[in-house]
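Taking it in order: structure first as structure tokens, then the write-up.
Residue numbers (my numbering): 4 to 97.
This is the structure in structure tokens:
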């Protein structure tokens, strides 16, 4: 008789999970600086570079800054992004 192994597809949480309120939305993206934050997951950088291409095509005066960190992100990295960018797009999953 064949043996069937059943796996649990629920991911394990890494780091402390803290509920945060949703940030207020920017009124617009023109002439803003947007951070693109990649957690190192497979192809997350590719996805963020495509987002960057589309943003720059639609909003030519918008600047982007690419950041890489490990999830959960270090407080120093998050602080740097918050201090230097008006908004951020984060890629944290495959």
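Every residue, glycine too, gets a C-beta built ideally from N, C-alpha and C.
Environment of residue i [buried if 16+ CB atoms lie within 10 Å]
i	result
residue 30	exposed
residue 84	buried
Residue range of the beta strand (DSSP E) that includes residue i
i	result
residue 94	90 to 94
residue 39	36 to 41
residue 71	66 to 71
Span of the alpha helix (DSSP H) around residue i
i	result
residue 47	47 to 61
residue 82	78 to 87
Cβ separation of residue i and residue j, assumed to be a contact under 8 Å, to the nearest whole Å
i	j	result
residue 65	residue 35	6 Å
Nearest-angstrom Cα separation, counted from residue j out to residue i
i	j	result
residue 6	residue 68	50 Å
residue 82	residue 28	19 Å
residue 89	residue 55	15 Å
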